[in-house]
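K.L.:
Protein chains in written order, with our numbering: chain A, 1 to 253; chain B, 1001 to 1554.
In C-alpha cells form, the structure reads like this:
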C-alpha cells in the first residue's frame, strides 16, 4: 500500500483539487484500489464527491480506536475509489492526537500511521488530503506518507516553504518520505511564473516537470462536484493531471 | 461494483410483459431516488459461456465459472455463492464452444482457486447466453450514488434461442446500506417481481432442458424397501447403464481421463451387482416369459467383463502418467529427468492402447450390448411393477408370495457380503500369501457396492461410520495390491523398453528406484492391515453393521 499526501503550509494552493484528481486517476485509470481520507475540517474533498462530511462518533472515535477507520469509509460514485469523509470535529484533531499519544511525542506523531495500517489488505493506494498548517496533524501525515505531493504557486516565498519542509522531513529518524513538488495554478501571462516554472524543474530534483496551469475548469470542479477527468476528460486540465499522475508514479516507484 | 444485495426476476404478470415489469420497477424507484444511467456504461450485447467439469465440481462447490470473449483474448470470471466479489483472470486462445483441459488455463487468480478442485478433469461449456446488462445509479438528494440497479436481459443461445426473464440486482454502495435496503423494499413490493433464488446459470440450463448436477457417478438409484426385488435390481442396473453410456462420448473424444474412470467403475459395479443379486432378475418373472435365463445372465456378465478388460490397459497407463510428476519429484538417487524416456514410452503406449479402446467402444459388439441390456432391464423393470396374476391380495398390494421385496434382498445380500469379508479377513495371518489379501479386497469391493446400491434402504444413522471404516480398509488393501501391480508393470515395461532399445541406463536405474519406493509403500500397507480390519470387522463393527441392516429388513 502506497500512501500519498497532498500538503502545503499555505491554503488555496490546490491541495484538495490535486488529491481528488490524482485519487480518481489512481482508481479509474491505473486500476488501483484507492481510498482518499479528507483530513481537512473544511471538507472540500468530501463535498467534491458528494459525501456528507460526517463520521459517526467524530474524529475522537477514530483517533482513539473506538471505531475502526474501516467503518467510516464511504464508496464514491466510482469503481475502486472510496473516501473517508471529513468531520467538523477534525478541527480538534491536534488535541486528540496529543491525548492518545501515550508514549511521548513519538506515539502522538505516528498515530495516523497506525490507524492506516489495517487498510493495506483492502487498498493499494491511500491519499491524505491535509489541512493547511504546521501542527501535530501535519506531522502525523508526514510520518505516515511514502510520498508528499506539494502544490506550489510559483513564487520565491513558496520555494522557501518547500525547503523548510524538506529540511523538516530529512530530520526524521528512520524512514522519511519522498517530497515531490509541482507548480500549480500557473499563469503563463505572468513573467515570474514563466521564469520559475521553466528554470526550476531542471535545477531541482524535488520539483516535477509537469505544470498545472491556472484554468477556470479547475474551479468548475466545485460546481460539477466531480474530478475533472470525469466531467471534462479531454480538456487540457484533465491532460495536465494525467501527466502529473504519470510523472509522480514514475518518479516514486 | 459491490456484490448484489438482492436479486429479483421479472415474471409475466397478468398480461404484462417482462419489459412492462422492469419499467414499473424503474418508475417505483424514481419515486424514492433520482435514477440515472451509469456514467461509463459500455453498450452492446455481451456473450458469456459457463464452464464446469462433466461432474459439476465447480457448481457443487458453490462456484460459477463464466467466460466472456473480449477484443483482445477474453476473461474468466469465477463467482462464489458464499464469498462476495468475483475473481477475474484474462485468458487467451479460449473458445467458448470447446472443452478445455486444465493446461489451457494459465497461472492466475482463477487457476489458483480451481485447479485442485477440477484436476484431472477438463472444463466443458455448459450453456451460452448473450444479452445486455444495463446499470442505473440511484442518487440521494446530494446527487450522490447510494445504490445501483443492474438489469440483465439474457437469451440462451445453446441449442436454440431462448430468452430468459430479466434479472434485477440491487447493489450497495459502501457506507450506504440503508439506502440499498430501501431500494430493495421498493422493488420487492412490485407485482410480477419475485426473488431470484438461483444463479443465472440455473435459469440458462433450465431453458435448454438441463439442470446443474445432472450427472453424478454415484449410484443414487431410486429404490424403496417395498419395491419388488426384481424391479429394484433392474432400476439399479439401469442407473449403472446410464452412467456407462453418459461417459462413452467423453472417453471417445479423450476429453479427460475421468470419463474412462467413471465408465470403468460403472462396469465393475454392474458386474458386482450381477454377482450380488443377478438372480433376482431371473425367478419371479419366469412365468411371464420376460425374465432373463441364467444363460443370458452369464452371457451379459461375460460381455461386461470384456468391456472391463478393454478399458484396463489405457486406465493403467493413465494412472502411471497422472502420478508421474509426483513420482519423478520423489526420487532420491536418480534425477527426475532420468525418467523422461519412461514417460515418453508410457505416452506412446497409451496412444496405442487408446486406439484399441476406441475401436472396441465403437464396435457393434459394444453398441449391441448397450442396446440389448437396456431393453432387457427396461422390460423387467416395467413387468415387475405390474403385480402377477393371483399374487394380489385384497388390499391391492403385492403379497410376499409374489416374490422378495427390495428390502429383504438388500438386507440378505449385504449381510452375506459382510460375512464373507469378516470370515476371509479373520483367516488372514502375517504368514498368509499376498493372494489372500487381494481376494479380500475383491470381497470388500462387493460389500462396498452392496452398501451403495442399497443405500436408500439402510438405516442412515450408522451408514457413514460403516462406510468410512470400510473405505479405510479398502484403501489399505488397495495400496497393498496396486503397488504390487505397479511394480510388476514397471518391470515388464523396463523389459520391453530394453528390448526396443529405448532404455538408457539412467532411466532403468531411476525406474528401479521407483519400484523400491513402491515396495516400501506396500510393506507399510501390509503392516497397517490388522488394525484397519479390526476397526471395520471387530465386535463394534459387527454391531454397527447389524444395526444398519435393520433398515432393510423392516
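Ideal Cβ positions, reconstructed from N, Cα and C, are used throughout, including at glycine. Since we're looking at a predicted model, the values are computed, not measured.
Pull out every residue of the region 1170-1188 of chain B whose Cβ sits closer than 9 Å to any Cβ of chain A, in chain order.
P.N.:
1172, 1173, 1174, 1175, 1176
K.L.:
Can you tell me whether residue 1373 of chain B sits near the ligand FMN, meaning its C-beta is under 6 Å from at least one heavy atom of the ligand?
P.N.:
No copy of the ligand FMN appears in this structure; indeed no ligand is present at all.
K.L.:
Whose C-beta lies closer than 7 Å to the C-beta of residue 1294 of chain B among residues of the same chain, with five residues either side of it excluded?
P.N.:
1282
K.L.:
Within the 7 Å Cβ cut-off, does residue 1142 of chain B reach chain A?
P.N.:
yes
K.L.:
Can you list the residues of chain A that residue 1145 of chain B reaches, using a CB-CB cut of under 7 Å?
P.N.:
77
K.L.:
Look up residue 1556 of chain B in the DSSP assignment and give the residues it is bridged to.
P.N.:
The question about residue 1556 of chain B has no answer here: the residues shown for chain B are numbered 1001 through 1554.
K.L.:
According to DSSP, simplified to helix, strand and coil, what is residue 1450 of chain B?
P.N.:
helix
K.L.:
Determine, for residue 74 of chain A, whether the minimum Cβ-Cβ distance to residues of chain D falls below 7 Å.
P.N.:
Looking for chain D here will not work: the only protein chains present are A and B.
K.L.:
Roughly how many whole angstroms lie between the Cα atoms of residue 70 of chain A and residue 1474 of chain B?
P.N.:
52 Å
K.L.:
Of all the CB atoms in chain B, is at least one closer than 7 Å to the CB of residue 33 of chain A?
P.N.:
no
K.L.:
Which residues of chain B have a Cβ atom closer than 7 Å to the Cβ of residue 51 of chain A, listed in chain order?
P.N.:
1144
K.L.:
Below 8 Å CB to CB, which residues in the same chain sit around residue 79 of chain A once its five sequence neighbours on both sides are set aside?
P.N.:
Around residue 79 of chain A: 27, 28.
K.L.:
Chain B partners of residue 94 of chain A, CB-CB under 8 Å?
P.N.:
Here the premise fails: no neighbours, minimum Cβ distance about 26 Å.
K.L.:
Pull up the distance between the alpha-carbon of residue 1081 of chain B and that of residue 1119 of chain B, whole angstroms please.
P.N.:
21 Å
K.L.:
Determine the closest residue to residue 252 of chain A out of A:54, A:132, A:147, with distance taken between C-alpha atoms.
P.N.:
A:147
K.L.:
Just mark residue 1203 of chain B as buried or exposed, buried being the case when its beta carbon has 16 or more other beta carbons within 10 Å.
P.N.:
buried
K.L.:
Among the residues of its own chain, which have a CB less than 6 Å from the CB of residue 1121 of chain B, if the five just before and after it don't count?
P.N.:
1053, 1256, 1258
K.L.:
Which bits of chain B does residue 38 of chain A rub up against, with CB to CB less than 9 Å?
P.N.:
Per Cβ cutoff of 9 Å: no residues; residue 38 of chain A is ~13 Å from chain B at best.
K.L.:
Starting from residue 157 of chain A, trace the alpha helix (DSSP H) both ways and give me its first and last residue.
P.N.:
156-170
K.L.:
Just curious, the alpha helix (DSSP H) that residue 183 of chain A is in, first and last residue?
P.N.:
Residue 183 of chain A -> not in any alpha helix (DSSP H); beta strand (DSSP E) instead, spanning 178-186.
K.L.:
Under the rule that 16 or more other beta-carbon atoms within 10 Å means buried, what is residue 1191 of chain B, buried or exposed?
P.N.:
By the neighbour-count criterion, in which a residue is buried when 16 or more other Cβ atoms sit within 10 angstroms of its Cβ, residue 1191 of chain B is exposed.
K.L.:
Report the neighbours of residue 206 of chain A on chain B: residues whose CB is nearer than 9 Å to its CB, in chain order.
P.N.:
Chain B residues near residue 206 of chain A: none, gap ~36 Å exceeds 9 Å.
K.L.:
Quick one: which chain B residues come within Cβ less than 9 Å of residue 82 of chain A?
P.N.:
1174, 1175
K.L.:
Taking the C-alpha atoms as reference points, what is the distance between residue 1150 of chain B and residue 1045 of chain B?
P.N.:
Near 15 Å, if we compare the C-alpha coordinates of residue 1045 of chain B and residue 1150 of chain B.
K.L.:
Would you mind listing the alpha helix (DSSP H) stretches within the region 1230-1316 of chain B that are 4+ residues and don't spill past its ends, in chain order?
P.N.:
1257-1277
K.L.:
Taking the CB atoms as reference points, tell me whether residue 1110 of chain B and residue 1154 of chain B lie closer together than 7 Å.
P.N.:
no
K.L.:
Excluding five sequence neighbours on each side, which residues of the same chain lie with their C-beta closer than 8 Å to the C-beta of residue 1047 of chain B?
P.N.:
1068, 1069, 1096, 1128, 1129, 1130, 1157
K.L.:
So for residue 215 of chain A, helix, strand or coil by DSSP?
P.N.:
coil
K.L.:
Which residue comes first and which comes last in the beta strand (DSSP E) that contains residue 2 of chain A?
P.N.:
Residue 2 of chain A -> beta strand (DSSP E) spans 2-6.
K.L.:
Using 10 angstroms around the beta-carbon of residue 143 of chain A, count the other beta-carbons present and answer buried if the total reaches 16, otherwise exposed.
P.N.:
The residue in question, residue 143 of chain A, is buried, as its Cβ has 16 or more Cβ neighbours within 10 Å.
K.L.:
Does the beta carbon of residue 1552 of chain B sit closer than 7 Å to a beta carbon anywhere in chain A?
P.N.:
Interpretation of residue 1552 of chain B is limited by its pLDDT of 46, a score under 50 that renders its predicted location unreliable; the figure taken from the coordinates is listed afterwards. It does not: the Cβ of residue 1552 of chain B has no partner Cβ on chain A nearer than 7 Å.
K.L.:
Any chance the region 1497-1510 of chain B sits against the region 1518-1538 of chain B, with 3 or more Cβ pairs inside 8 Å?
P.N.:
no
K.L.:
By alpha-carbon positions, which one of B:1331, B:1050, B:1362 ends up nearest to residue 1511 of chain B?
P.N.:
B:1331
K.L.:
Pair every Cβ in the region 1459-1477 of chain B with every Cβ in the region 1307-1317 of chain B, then say whether three or more of these pairs are closer than 8 Å.
P.N.:
No, because fewer than three Cβ pairs between the region 1459-1477 of chain B and the region 1307-1317 of chain B fall closer than 8 Å, the two stretches do not touch.
K.L.:
With a CB to CB cut of under 8 Å and the five nearest residues on each side skipped, what residues in its chain are close to residue 39 of chain A?
P.N.:
86, 90, 93, 128, 129, 130, 131, 137, 141
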